[in-house]
Structure formats: C-alpha cells, structure tokens
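Inspection log for the structure reproduced underneath, given as structure tokens.
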Amino acid sequence: MGQIKTILFTGKVSLSENNTLFRITRNFGCVIIEYRNIRIRLKNFCFLNCLKQFQALARETVERFPYRTDKHLEPVCFQKLSPNMASSNKVEWRDDADGRFVVKYRYLEADFSQQEGNLFRSSVSPAVVKKKKLRHALRDFIKKLMGRRTLEEPLLYGRLSIDLCENIHIHFQNLRFEFDLNEFLFLWDALAAVGMKTLRSGRGELICRRDLPESTEWNNRFQVEEQAEGHFHLHYRNLRIEFRDFSEVGLLWKFGAIYGVDSDYENRWIGSNWRLEGIRTETISNLKAIVYTPEGERLSPIKDTPIYRSLVQNSPEIYYRYKDVILRFHPDNSNKWETFQELRRSIEQSGFEDNKLIIIKGPERRIMDGQHRVAILTYLFGEQFKVKVAHYK
Numbered sequence: 084m085g086q087i088k089t090i091l092f093t094g095k096v097s098l099s100e101n102n103t104l105f106r107i108t109r110n111f112g113c114v115i116i117e118y119r120n121i122r123i124r125l126k127n128f129c130f131l132n133c134l135k136q137f138q139a140l141a142r143e144t145v146e147r148f149p150y151r152t153d154k155h156l157e158p159v160c161f162q163k164l165s166p167n168m169a170s171s172n173k174v175e176w177r178d179d180a181d182g183r184f185v186v187k188y189r190y191l192e193a194d195f196s197q198q199e200g201n202l203f204r205s206s207v208s209p210a211v212v213k214k215k216k217l218r219h220a221l222r223d224f225i226k227k228l229m230g231r232r233t234l235e236e237p238l239l240y241g242r243l244s245i246d247l248c249e250n251i252h253i254h255f256q257n258l259r260f261e262f263d264l265n266e267f268l269f270l271w272d273a274l275a276a277v278g279m280k281t282l283r284s285g286r287g288e289l290i291c292r293r294d295l296p297e298s299t300e301w302n303n304r305f306q307v308e309e310q311a312e313g314h315f316h317l318h319y320r321n322l323r324i325e326f327r328d329f330s331e332v333g334l335l336w337k338f339g340a341i342y343g344v345d346s347d348y349e350n351r352w353i354g355s356n357w358r359l360e361g362i363r364t365e366t367i368s369n370l371k372a373i374v375y376t377p378e379g380e381r382l383s384p385i386k387d388t389p390i391y392r393s394l395v396q397n398s399p400e401i402y403y404r405y406k407d408v409i410l411r412f413h414p415d416n417s418n419k420w421e422t423f424q425e426l427r428r429s430i431e432q433s434g435f436e437d438n439k440l441i442i443i444k445g446p447e448r449r450i451m452d453g454q455h456r457v458a459i460l461t462y463l464f465g466e467q468f469k470v471k472v473a474h475y476k
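Here it is as structure tokens:
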C-alpha cells in the first residue's frame with residue numbers, strides 16, 4: 084500500500100446526473116461499459132479476458148473476507164494483460180455544447196458538470212501539444228476542444244487484478260476502482276449473467292443494464308497526491324489513476340499550489356517555446372550540469388563540476404575562479420561563496436525542502452536552475468539522492 088507524501092490538492096465533487104447508471108453495450112468491435120458518469124471503451128477480446136476472470140471469482144471468497152481491517156488477501160484474481168488492449172492512447176479535454184466538461188483518457192471517458200470542471204482546472208490543465216480543428220459534423224456537439232495529445236505507455240499497463248483489503252479494489256492497468264461489498268456483489272451478479280455467446284460483433288447492442296445503488300465507496304472525493312515512492316495518484320470518487328508524472332496522463336500541474344520554480348529564473352529565462360513535460364522525482368546521477376569553459380560549455384556529472392569541487396575542498400578560490408569564467412557568458416551573475424555556504428548549513432541543519440523545484444531541460448536532463456542545491460545534496464547524501472524536478476522540453 085502506498086504512503087502519501089503530500090496532498091497536492093483536495094476538493095469535493097457532486098453526484099452526477101447518471102449516478103445510478105450501469106450499462107454495457109457493444110459497438111464496432113468494442114465493448115462500452117458505462118458506470119455512473121464514466122465510460123470505459125475496451126476492445127472485444129480485452130473485455131472477454133476481464134469478464135472470464137470476473138466470472139471465475141468465487142462469490143463466497145468475497146462475502147467471507149473481513150473488510151475494514153488490516154488484513155490484506157493476495158489478489159483473488161490476477162491476469163497479465165497483453166499490449167494494445169485498450170482502444171485508444173490519447174487524452175482529450177473539451178467543453179461540450181450541452182454544458183458538460185468532458186475528459187477522455189485512453190479508453191476512459193468521464194462527463195462532469197461545469198462546476199466540477201472548474202474544480203479540475205483550478206489544480207491542473209491539459210498538456211496540449213497542438214489544438215485541432217473540429218470536423219464540421221462535430222461543431223454542433225463540441226463547444227471548445229482544448230486539445231489532444233498522444234500518450235506514452237501507462238504505468239502498470241499489463242495489470243488486471245482484484246484485491247480484497249479494507250474494501251475491494253479492481254486494478255486495470257494504472258486505474259483502480261474501489262467498491263464496498265454491496266456494490267461489488269451487485270456488479271458481480273450483473274456480469275455473471277452475461278453469456279459469452281452474446282458478445283458477437285455488432286453495433287449498439289445492449290448486453291447488460293442495471294440501476295446502481297445511489298452511494299459508492301467515495302461519493303465526493305477529488306484529490307491529487309504525491310506518494311512517498313515518487314509517483315502520483317489522482318482520485319475522483321472511487322476511481323484512482325496512478326502515474327509517474329503529470330504528462331503521462333496529459334496534465335500539467337499548476338505552479339503556486341504546492342510546488343513552484345524560482346520566480347526570477349522563470350520570468351527571465353522560461354520562454355513560450357518551453358513546454359513542461361512533467362513534475363517528477365529524479366536521481367541526481369541521472370542529471371547533467373552545465374559547466375562553462377573559456378571555449379564554451381559542456382555537460383558533466385555534478386561531481387565533475389567546479390562548484391562541487393569547491394564544496395568538497397572548502398575552497399572559495401575554486402569557486403570564484405569558476406565564477407570569473409561564468410561572467411564571460413552571464414555578466415549579471417550574482418552568486419557568492421558566502422550564500423552558497425549559508426545554503427549548505429541550512430540544508431545540513433534543517434533538511435532539504437523540495438517545494439522549490441530543480442529545473443531541468445531536454446532528454447539530457449540538463450540542470451538549468453538549481454546546480455548549487457544539487458551539488459550540496461550530492462555532497463551530503465550522495466548521487467543516489469532523489470530530487471523533485473520540473474522537466475521542460
């Protein structure tokens with residue numbers, strides 16, 4: 084079970100108009116599962132694999148488990164999913180003409196009220212590569228398409244499991260749904276009645292339709308968390324999405340809530356052509372420092388920089404000799420040895436607060452802002468120490 088390091092954002096959402104809807108239909112080689120205000124679109128063979136696992140689960144095992152305790156049973160169902168089981172690898176945000184706010188994430192689509200949409204947009208925004216023009220046929224339905232982008236492979240893309248712990252978890256790739264016993268057994272009964280022969284290819288054919296209980300395990304939760312292991316969770320009611328950085332789910336975290344970057348550096352250097360790839364945890368050994376020489380600049384591990392050597396040898400002479408080189412490229416550089424030492428003492432005595440992010444750029448992970456902090460952390464804790472970074476492209 085993960086441990087929360089920081090709650091980045093928390094709020095309450097309302098019950099949706101389709102709060103009791105549970106319906107399964109098939110359409111153009113896919114199966115569409117509608118659960119409350121969420122739709123999941125899976126390829127036929129993917130849905131069949133999931134259904135077989137679900138129907139093979141013994142109802143008695145689920146009924147007899149002691150929930151709300153510290154006991155955690157090994158997954159009662161586990162299947163390794165094959166690649167390309169989902170029907171899409173895109174993310175899309177849009178405002179529809181009927182007033183709904185819609186988010187599509189891979190095979191999942193969710194409808195929100197504008198009030199819920201505003202809650203989402205107060206903490207995150209879509210990481211848009213480029214906006215696309217709407218086809219004429221869609222203009223009557225979509226008011227504003229905020230953008231689409233293609234996503235890389237998700238975290239835990241091969242996972243399908245059902246876990247019995249404090250409640251019942253269904254894991255599918257990087258998604259997790261939480262259910263209490265009553266709702267889970269309700270779904271189990273509905274899916275147990277689905278015959279395999281009814282899943283022949285067809286269009287718009289109803290497979291299953293039930294009315295869900297009004298209440299679910301988490302009725303109003305919306306929360307974004309950073310985990311101690313370095314990844315993130317986004318909770319929406321009883322759904323959780325797990326990801327390594329925000330760009331993995333097509334999102335940008337809005338600075339000013341928990342994390343930020345140096346405002347002076349941001350105002351002076353981060354231009355409109357910089358695109359934030361994500362906020363993530365990186366091991367220092369994966370980062371490269373910019374080292375200036377009379378001939379230009381090069382990239383080096385932090386231990387091969389004059390700034391780090393000046394710290395190890397406690398030498399202001401090394402520090403200021405190197406600063407003379409930097410001034411040829413950046414005449415306004417105002418760094419001082421005394422300030423460097425004050426920062427080192429502060430981290431030694433009070434620990435390192437990573438809410439002010441190290442800025443890195445490009446596939447080389449060049450340190451653009453924060454080389455002094457990284458040098459101190461390497462000196463104190465070694466190159467395997469992990470830091471929080473804002474990674475720009």
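Note that the sequence shown ends on residue 476 in this note's numbering; no numbers are left out.
Glycine included, each C-beta is placed from N, C-alpha and C at the ideal position.
Nearest to residue i by alpha carbon, out of the options?
| i | options | result |
| --- | --- | --- |
| F315 | N369, R183, I362 and L382 | I362 |
| L247 | K406, R142, Q396 and R109 | R142 |
| L239 | L191, S97 and I324 | I324 |
| P293 | A273, E146 and N302 | Looking at the sequence provided, one finds Arg at residue 293 rather than Pro. For R293, the nearest C-alpha among the options comes from A273. |
| E300 | T108, R151, L134 and D194 | R151 |
| I390 | P414, F423, V145 and N321 | F423 |
| Q432 | L463, S244 and Y403 | L463 |
| R119 | F260, R189 and L140 | F260 |
| T144 | Q198, F329, F267 and N132 | F267 |
| T461 | F111, L370 and D179 | L370 |
| N356 | D452, N416, K444 and S346 | K444 |
| F329 | C129, S393, S346 and R358 | R358 |
| Y190 | L131, E466 and Q256 | Q256 |
| S298 | L202, L322 and T103 | T103 |
| N265 | N438, R147 and G453 | R147 |
| K135 | E466, E421, L258 and L243 | L243 |
| N438 | E447, R448, G453 and P446 | G453 |
| F326 | S346, N350, L258 and L270 | L258 |
Does the distance from the C-beta atom of residue i to that of residue j stay below 8 Å?
| i | j | result |
| --- | --- | --- |
| I253 | A372 | no |
| E360 | K476 | yes |
| Y348 | I441 | no |
| K525 | N397 | The requested residue 525 does not occur in the structure, where the chain is confined to residues 84 to 476. |
| E365 | V277 | no |
| T108 | L289 | yes |
| A275 | Q138 | yes |
| L98 | N302 | yes |
| T376 | A458 | no |
| R320 | V96 | yes |
| E192 | R106 | no |
| S383 | V374 | yes |
| I385 | S393 | no |
| D194 | R177 | no |
| L322 | V307 | no |
My assumption, with CB atoms under 8 Å, is that residue i sits in contact with residue j. Please give the rounded CB distance.
| i | j | result |
| --- | --- | --- |
| L426 | H455 | 6 Å |
| C113 | N101 | Incorrect: roughly 20 Å between the Cβ atoms, too far for contact. |
| V332 | Y188 | 6 Å |
| F305 | G434 | Contact doesn't hold; Cβ gap of about 31 Å is too wide. |
| I245 | P158 | 6 Å |
| V186 | D179 | 11 Å between Cβ atoms; not a contact. |
| T89 | E309 | 4 Å |
| P446 | W420 | In fact, because the Cβ distance is near 33 Å, the residues do not count as touching under 8 Å. |
Where does residue i sit, in a helix, a strand or coil, going by DSSP?
| i | result |
| --- | --- |
| D345 | coil |
| V472 | strand |
| H318 | strand |
| W301 | coil |
| G94 | strand |
| V374 | strand |
| D437 | coil |
| E100 | coil |
| R456 | helix |
| S244 | strand |
| V277 | coil |
| Y462 | helix |
| I87 | strand |
| L125 | strand |
| F111 | coil |
| F130 | helix |
| A193 | strand |
| T152 | coil |
| L295 | coil |
| I353 | coil |
| R259 | strand |
| D181 | coil |
| Q467 | coil |
| R119 | coil |
Alpha helix (DSSP H) segments (min. 4 residues) lying fully within the segment 378-432: Contiguous alpha helix (DSSP H) elements confined to the segment 378-432 occur at 389-395 and 399-412, taking only those with 4 or more residues.
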